[in-house]
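Novice:
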Amino acid sequence: MSTHSGSSSIIKSMDDYARDTTSRENIHDNDDLEHDPWNQQVRNLIAGTAGGWSQTIVGHPFDTIKVRMQTAVGGANASLLECLQSTMKNGVHDFYLGIASPLLGQGLMNALQYATYGNMKILCGGCDRDTIVLPPERYLIVGALTGAVISTVDGPVDLFKIKLQVQGQTGTNYKGVIDAMKQIYGTFGIRGVYQGFGATLMRNIPCNGLYFATYEYVRQYFVEKDDVSHISDLSPSRLLAAGGAAGFAYWSILYPVETVKSAMQGDASDPAKRRYRNWIDCGRKVYQQNGYQAFWRGWLPCVIRSVPANAACFYAYETTRQMLMDLPVSNKPQKNFTSEVQQQQHILH
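Letter by letter, the sequence shown follows residues 215 to 563 of the numbering used here.
#1: Kindly indicate which residue of 284, 344 and 364 has the alpha-carbon position closest to the one of residue 416.
#2: Does residue 341 come out as helix, strand or coil in the three-state DSSP assignment?
#3: Taking the alpha-carbon positions, what's the residue 450 to residue 277 distance?
#4: Of all the alpha helix (DSSP H) runs that stay within the bounds of the stretch 427-515, which reach a length of 4 or more residues?
#5: Is residue 320 near residue 366, with beta carbons less than 7 angstroms apart?
#6: Would the stretch 386-393 and the stretch 489-497 be scored as touching if the rule is three or more Cβ pairs under 8 angstroms?
#7: Between residue 461 and residue 524, which are expected to be in contact by the criterion C-beta below 8 angstroms, what is the C-beta distance as a whole number of angstroms?
#8: Helix, strand or coil: which one does DSSP assign to residue 399?
#9: Throw me the rounded Cβ distance for the residue 328 and residue 261 pair, which I believe falls under 8 angstroms.
#10: Just the Cα atoms here: how many angstroms apart are residue 452 and residue 373?
#11: In terms of alpha-carbon separation, which member of 465, 431 and 489 lies closest to residue 456?
#12: Below 7 angstroms between beta carbons: does that hold for residue 479 and residue 376?
#13: To the nearest angstrom, how far is the alpha carbon of residue 425 from that of residue 357?
#14: Counting C-beta neighbours from all protein chains within 10 Å, is the total for residue 313 16 or more, i.e. buried, or is it exposed?
#15: Roughly how many angstroms separate the alpha carbons of residue 381 and residue 282, rounded to a whole number?
#16: Within the chosen definition, does the stretch 334-351 reach the stretch 404-411 through at least 3 CB pairs nearer than 8 angstroms?
#17: Would you say residue 315 and residue 272 are within 7 angstroms of each other, going by their C-beta atoms?
#18: Nearest by alpha-carbon distance to residue 400: which of 428, 484 and 411 is it?
#19: Tell me whether the stretch 462-477 and the stretch 508-519 touch, counting them as touching only if at least three CB pairs, one residue from each stretch, are closer than 8 angstroms.
#20: Look up residue 376 in the DSSP assignment and say whether it is helix, strand or coil.
#21: Please classify residue 351: is it buried, with 16 or more other beta-carbons within 10 angstroms of its beta-carbon, or exposed?
#22: Does DSSP put residue 347 in a helix, in a strand, or in coil?
#23: For residue 504 and residue 379, what's the separation of their Cα atoms in angstroms?
#24: For the alpha helix (DSSP H) containing residue 299, name the first residue and the last one.
#25: Under 7 angstroms between the Cβ atoms of residue 512 and residue 280?
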C-alpha cells in the first residue's frame, strides 16, 4: 500500500470521526437542554412560586366566602348573599383573612407541585420542555401522582388558612398564621397539623389528575387549532384559557370531597371536642344538615374563583418558566474536537 493511500485512509477515518463526534456533541447538547436536572428543578420551583402567588392574590377573597359557606353551622349565613353581607360588615380586610398562610404556603406548595409535575412527566415518558406530547390518560396519571406528593404540604397550608377563616364561628382566637401554627402544633403536635389529611388525599389525587390532564389537553387543542409549531408559541389568551379550564375541571366535578375536607379541617383541633370522627362520619353529618345540597355549599364562589385564579396561576408559571428557559443553559466551555481533527488532517496533507 502506498503512503498516499495510507494517508487517505487515515484522513477518511478522521473525517468519519469528526462527523461522529459532532453528532455526539449535538446529542449531548440536546440532552443537556432537555434533561439537565438542576436547571429543570430550579425553573419549576421559581415558576411554580410565581404561579402560586398570583393564584392566591386573585382567588383568596372567593375562597374566604367558600370556606365560610362550607363551615356554617346549622345553616346560619349559608347562602352566598348572606356570607357576602356578613363578611362585608368588617370591610375588605375580612376577605383577605388568613392570606398569609396560602401566600407563603401556596408559593411553597406550587413550587413543589410544578417541580413534582415536571419530574412525573419525565418519569411517564414526557419531557420538561413539552417537546413530547403524552396521551391524555398519561397526563391524568401524572397529575394524580403529583396530587399525592403535594398533599404533604397542601394539607397543613389549607388547615391553617381554614382555622383563621372560621375562627369567628368556632370561638378560637389566633393572631395570625404563625400564632395558629404555634398553638396547634404546640398543643396537638404533628397530628394536629395534619388534621383531615385523609380527606386531603381523597381530594388531591383525583382532582389534580383532572387538573393537569385538562390543562395539557386544552393547550394541545390550541396548538393544533392555531397551527403553531410548539406550545411556547401560544398567545397569552390561550394560556389563560387553558389555565381557567383546568381550574374549572378541578373544582366543578368533585366538589363534595372538598366540602368534607373543609368541614374536617374547620372542626375543633382538640380531638375530644370534634363533631366528626372521620371522613365517613363527616359526610353523613353534613348530609343530615341539609341533604345533598349541603355538599355543594360554596360551589358558586369556588367555581367563579377557580377560572381567574388558575388562569393567573398557569400564565405566571408558563411565562416565568419560559423566561428561565431562554437563559443560557451552561457557560461551561466545550472542547472543539472537530477543529482538532481538521488540524491533524492539514498536517498529514
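Note that beta-carbon positions come from the ideal geometry of N, C-alpha and C, so glycine has one too.
Specialist: Answer, in terms of the structure:
#1: Residue 364 is the option with its Cα nearest to residue 416.
#2: DSSP places residue 341 in coil when its eight states are reduced to three.
#3: Cα to Cα, residue 450 sits roughly 25 angstroms from residue 277.
#4: Runs found: 450-466, 469-479 and 493-504.
#5: Taking 7 angstroms as the Cβ cut-off, residue 320 and residue 366 do not qualify as a contacting pair.
#6: Not touching, per the Cβ criterion.
#7: Their Cβ separation, rounded to whole angstroms, is 3 angstroms, which keeps residue 461 and residue 524 in contact under 8 angstroms.
#8: Reduced to three states, the DSSP call for residue 399 is helix.
#9: With a Cβ gap of about 6 angstroms, residue 328 and residue 261 count as contacting.
#10: Separation of residue 452 and residue 373 (C-alpha to C-alpha, rounded to the nearest whole angstrom) is 33 angstroms.
#11: The shortest C-alpha to C-alpha distance from residue 456 to any of 465, 431 and 489 is the one to 431.
#12: In this structure, residue 376 lies closer than 7 angstroms to residue 479 by Cβ.
#13: Distance from the CA atom of residue 425 to the CA atom of residue 357, rounded to whole angstroms, is 7 angstroms.
#14: By the 10 Å Cβ count, residue 313 comes out buried.
#15: Near 10 angstroms, if we compare the C-alpha coordinates of residue 282 and residue 381.
#16: The stretch 334-351, when compared against the stretch 404-411, does not touch it at the 8 angstroms Cβ threshold.
#17: Contact: no.
#18: Measuring from the Cα of residue 400, the nearest candidate turns out to be 484.
#19: Yes, the stretch 462-477 is in contact with the stretch 508-519.
#20: In the three-state reduction of the DSSP assignment, residue 376 falls in the helix class.
#21: With a threshold of 16 other beta carbon atoms within 10 Å, residue 351 falls short and is exposed.
#22: Secondary structure of residue 347 (DSSP, three-state): coil.
#23: One C-alpha to the other measures close to 22 angstroms.
#24: 294-302 is the extent of the alpha helix (DSSP H) around residue 299.
#25: Taking 7 angstroms as the Cβ cut-off, residue 512 and residue 280 qualify as a contacting pair.
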